[in-house]
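Note that the protein sequences, when read in sequence, are chains A and B. If you want this note's numbering, it's the 1-based position in the first sequence plus 430. If you want this note's numbering, it's the 1-based position in the second sequence plus 446. Glycine is no exception: its CB is placed at the ideal position from the N, C-alpha and C atoms. Shown next, in structure tokens, is the structure this report addresses.
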Amino acid sequence: MTKQKTVYVGMSGGVDSSVTAALLKDQGYNVVGVYMKNWTKSLPGFDCPWKEDFQDAKRVAVQLGIDFKVFDFETEYKHKVVDYMIEEYKTGRTPNPDIMCNQEIKFKLFLETALEDGADLVATGHYAKVKNGKLYKAKDDNKDQTYFLYRVTEDALRKTLFPLGEYTKPEVRKLAKKFNLVTASKKESMGICFVGKVGIKEFLSQYVETMPGDIIDENDKTVGQHEGAIFYTIGQRQGLGVGGGLPYYVVDKDMASNKVYVTTNLNDKRLWTRKLRLINVHWINGRPANNLVEVRTRHRAKCSVGTLYIAPSKKNIAIELDQEIRAATPGQSAVLYQGDLVLGGGIITL
Amino acid sequence: MPKVYLDYAAATPVDDDVLRVMKPYFFDIFYNPSAIYLSAKAVKNDIAMARAKVAILLGAKPSEIIFTAGGTEANNIAIRGIMDKFPKSEMLISSIEHESVREPAKDYTVNEIPVNKQGIANTDKLKKMITNTTALVSVMYANNEIGTIQPIQEISKIIDEVKKYRKKNGIKLPIYLHTDAAQAPVYLQLQTHKLGVDLMTLNGGKIYGPKQSGILFIKAGVNLQSVIKGGGQERGIRSGTENVPSIIGFAKALDIVTAKRSMQLKETQKLQEYFYSLIKEKLPGVIINGSVKHRLPNNIHITIPGTDNERILMELDERGVMCATGSACSASNDEPSHVLSAIGISEKDARSSLRFTLGNYTTKQDIEYTVDILTDICL
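Quick look at the structure:
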């Protein structure tokens, strides 16, 4: 008889991680629930923002009759995720802290700590599939979270279970009800967790000094004032506080002169691109043999077909797309696929 | 699955008779008591009757009672009302006061009177802590977490001595004794002149009355700065259109608990002893916190070493038993309860502590069931 395997499940107090724990227990694993205490900014009026999620996670552990632990990653999380995010914004890029969190915290620190603590495997409530150290898109196209997972290593994936990859979100909700979990009808959490209730603008304002500056349109005309170039994301349609008329799209920004460039013309060349340049490239299972790839530049965005070019240094890559896409945002990630298989990806640069 | 509620110190259900007397004031006689038409004057008169009733029950005069929205508000009015009047003065509070005393006190110069390991305020220390600039001493009647009863009469005698001394020596600053008696009325006598207090807080939500109802007793001659300004209701100390149903309900609730007091005390004491005996029998190693002698009969506070109290609370809840880990506000916070720290319980043991508070509807079977489940979880 083989020894029953021990899985440490990252439990956030949400419905997805609750069902993950329940499914694994059902499958016969020895399940240990772990609440990762990550960094949260204390805000006036919100005494202890993680208290309810923590209690929900613990309650589910009680309902399932599994052990429950708390891993305190506050210091590392602040350093690796929050500081990184702030630094990226300062340089004018729009980073993705969730990807960083998966790379540095969940599938590194959590995994290492769990293994040291006696786990054979770890699991989270991500919508993705993993098989033999390879990462695949989830069954639920709408929920697929592989965009956030492309920087996880093959070694980590070999120690990881994603049971929700085989289910759709509605199925997961049904399972939560079936298992009678306290989190069954809990609302989806939105946005960056540690930014939470304040929103990114107010959050950044506490760390970065911002100055108002000019908003300049395609005719070089100053059309309004912004509160700080840092708050603007290239490629996005944005409320610029410029009243009435057509919507504006951010095409560029100059952090040094604190200028934001916009256009009302959706056909503006600067908004579209056929070439993506990626740095800090990460391949999950090494470089692909075939250069024909599909690319996704945002979570849940449709994949675009392109051809992969690898720089001689092998550190940077470029992708020549078959069709133009709306300009990608520097700092965000482009994730490469071949069918359902996730190859890896990199950070978009200009 | 049975449903066993053992958190009466947090909230009590509203008594049927209380609800019955409140009801007309929501519908047929909803008038603003300050209006001039006779129907409104009748309501005003009903408030006066309620006030007189409360006064009688407390051995006080009607003019000494102001109605508040709950205990927290009454405590705030007492502290701010006195301390704002004498801005250069100081106050003393016991180290186990409820947050609704601790927090407003932080806005003034305040020192804490220590308690002994039994959870009883040290009156010798108190005596030494009073200075010529002390204007207010606030010590709760019975503690909300561990149920310990404080020596209010003894403290009152100390304050009386200070009052005499100040009179003799021409010190103009008055000194007052306030007690937060929110947990007391169901079991303890509340005659204000016997207790010897200048100010006393009661809370309807703990005596089978409506939540956010309460009173502050203010002895004649004690002048408070008004805290909530407006139309001048409640002697201008706490303005705002009177919450009539709540006032009527509070008076009725206090009336009922006073009438039932001695019977309830005996009944609950029996249950408490039963609870203790079952724990000792089935869960050896469990520690009972706070004085057993000077204690509310409805409070059982225990430490089960090595356990996670929040988890046990949830396990109990899953099986129908509702209890608390401390005062409701401290759950899951980083800081363990200040009350448990004050009686010398380590942070670790504090996180292994549970509070069960019994009430008028608690039965022997409830207690048997609870200890059975607890035993099942912990062993």
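Short CB-CB distance (under 7 Å) between residue i and chain C
{"i": "A:R756", "result": "No chain C is part of this structure, whose protein chains are labelled A and B."}
Spatially closest choice to residue i from the options, by CA coordinates
{"i": "B:N578", "options": "B:G676, B:Y815 and B:Y611", "result": "B:Y611"}
{"i": "A:L771", "options": "A:Q457, A:G716 and A:P760", "result": "A:G716"}
{"i": "A:M515", "options": "A:V560, A:D644 and A:P525", "result": "A:P525"}
{"i": "A:L605", "options": "A:L545, A:V449 and A:K689", "result": "A:V449"}
{"i": "A:Q434", "options": "A:S442, A:V723, A:K455 and A:S447", "result": "A:K455"}
{"i": "A:R700", "options": "A:F624, A:S743 and A:D647", "result": "A:D647"}
{"i": "B:V767", "options": "B:L623, B:D812, B:V583 and B:M586", "result": "B:D812"}
{"i": "A:T505", "options": "A:P527, A:N468, A:K536 and A:F540", "result": "A:N468"}
{"i": "A:Q575", "options": "A:G555, A:A586, A:E584 and A:D585", "result": "A:G555"}
{"i": "B:V817", "options": "B:F472, B:L717, B:S783 and B:K794", "result": "B:L717"}
{"i": "B:K698", "options": "B:K614, B:L465 and B:A486", "result": "B:L465"}
{"i": "B:E600", "options": "B:M447, B:K640, B:D474 and B:N491", "result": "B:K640"}
{"i": "B:S509", "options": "B:D453, B:N669, B:M575 and B:I595", "result": "B:N669"}
{"i": "A:C531", "options": "A:V653, A:V582 and A:E618", "result": "A:V582"}
{"i": "A:E482", "options": "A:V602, A:A553, A:K508 and A:K616", "result": "A:K616"}
{"i": "A:K745", "options": "A:T759, A:Y678, A:V723 and A:R707", "result": "A:R707"}
{"i": "A:F661", "options": "A:P642, A:S442, A:G444 and A:Q485", "result": "A:P642"}
{"i": "B:L452", "options": "B:L820, B:I819, B:G805 and B:I482", "result": "B:G805"}
{"i": "B:P459", "options": "B:A666, B:L724 and B:I653", "result": "B:I653"}
{"i": "B:K810", "options": "B:P782, B:T753 and B:E713", "result": "B:E713"}
{"i": "A:I714", "options": "A:Q533, A:V511, A:Y465 and A:K499", "result": "A:Q533"}
{"i": "A:G444", "options": "A:N572, A:S619 and A:D682", "result": "A:S619"}
{"i": "B:G527", "options": "B:L762, B:V673 and B:E764", "result": "B:V673"}
{"i": "A:P677", "options": "A:R667, A:H712, A:Q457 and A:A686", "result": "A:R667"}
{"i": "A:V692", "options": "A:I645, A:R704 and A:K564", "result": "A:I645"}
{"i": "A:A686", "options": "A:H509, A:T521 and A:A487", "result": "A:T521"}
{"i": "A:K689", "options": "A:E657, A:T703 and A:P718", "result": "A:E657"}
{"i": "A:A659", "options": "A:V653, A:K683, A:L773 and A:E517", "result": "A:K683"}
Beta carbon of residue i nearer than 7 Å to that of residue j
{"i": "B:E496", "j": "B:Q658", "result": "In the sequence under discussion, the amino acid at residue 496 of chain B is Ala, which differs from the Glu named in the question. No, these two residues do not count as a Cβ contact at 7 Å."}
{"i": "A:I778", "j": "A:A764", "result": "yes"}
{"i": "B:G565", "j": "B:I733", "result": "no"}
{"i": "B:A551", "j": "B:I539", "result": "yes"}
{"i": "B:A457", "j": "B:G736", "result": "no"}
{"i": "B:I523", "j": "B:L662", "result": "yes"}
{"i": "B:L503", "j": "B:T638", "result": "no"}
{"i": "A:V723", "j": "A:L751", "result": "no"}
{"i": "A:V439", "j": "A:A451", "result": "yes"}
{"i": "A:G761", "j": "A:R523", "result": "yes"}
{"i": "A:D528", "j": "A:F609", "result": "no"}
{"i": "B:G517", "j": "B:T704", "result": "no"}
{"i": "A:K569", "j": "A:E596", "result": "yes"}
{"i": "B:Q629", "j": "B:N590", "result": "yes"}
{"i": "A:A487", "j": "A:Y465", "result": "yes"}
{"i": "B:T771", "j": "B:E761", "result": "no"}
{"i": "B:L711", "j": "B:Y633", "result": "yes"}
{"i": "B:S798", "j": "B:I750", "result": "yes"}
{"i": "B:V500", "j": "B:I482", "result": "no"}
{"i": "B:F513", "j": "B:I791", "result": "no"}
Supposed contact pair residue j and residue i - C-beta distance, whole angstroms, cut 8 Å
{"i": "B:T555", "j": "B:E543", "result": "Contact doesn't hold; Cβ gap of about 16 Å is too wide."}
{"i": "B:C824", "j": "B:R801", "result": "So it is not a contact: roughly 16 Å between Cβ atoms."}
{"i": "B:S541", "j": "B:I559", "result": "6 Å"}
{"i": "A:N720", "j": "A:Q768", "result": "7 Å"}
{"i": "A:V638", "j": "A:Y739", "result": "Not quite, the Cβ-Cβ distance comes to about 36 Å (not below 8 Å), so this is no contact."}
{"i": "B:G677", "j": "B:S485", "result": "19 Å between Cβ atoms; not a contact."}
{"i": "B:L700", "j": "B:T821", "result": "Actually they are not in contact, since the Cβ atoms of B:L700 and B:T821 sit about 38 Å apart, beyond 8 Å."}
**Prompt:** Which residues, in chain order, does the stretch 746-760 of chain B contribute to contact with chain A at a C-beta distance below 7 Å?
**Reply:** E756, R757 and M760
**Asked** At a Cβ cut of 7 Å, what residues of the stretch 791-819 of chain B count as close to chain A, listed as they run along the chain?
**Response** none
**At least 3 beta-carbon pairs within less than 8 Å: the stretch 457-467 of chain A vs the stretch 491-506 of chain A** = yes
**Request:** Specify whether the stretch 548-563 of chain A and the stretch 582-594 of chain A touch according to this definition: at least 3 beta carbon pairs, one from each stretch, less than 8 Å apart.
**Result:** yes
**Asked** Using a beta-carbon distance cut-off of less than 9 Å, what residues from the stretch 605-618 of chain A approach chain B?
**Response** none
**Request:** Would you list, in chain order, the members of the stretch 538-559 of chain B that have their beta-carbon closer than 8 Å to a beta-carbon of chain A?
**Result:** none
**Request:** Anything in the stretch 494-513 of chain A with a Cβ closer than 8 Å to a Cβ of chain B? List those residues in chain order, please.
**Result:** F498
**Prompt:** Taking contact to mean at least 3 C-beta pairs separated by less than 8 Å, is the stretch 652-666 of chain B in contact with the stretch 685-696 of chain B?
**Reply:** yes
**Request:** Decide yes or no for the touch test of the stretch 688-705 of chain A against the stretch 533-550 of chain A: beta carbon pairs closer than 8 Å, at least 3 of them.
**Result:** no
**Request:** Indicate whether the contact test is met: 3 or more Cβ pairs, each with one atom in the stretch 700-718 of chain B and one in the stretch 735-755 of chain B, closer than 8 Å.
**Result:** yes
**Prompt:** For the stretch 461-479 of chain B against the stretch 620-636 of chain B, are there 3 or more C-beta pairs whose distance is under 8 Å?
**Reply:** no
**Prompt:** Which residues, in order along the stretch 601-630 of chain B, keep a beta-carbon less than 7 Å from a beta-carbon of chain A?
**Reply:** none
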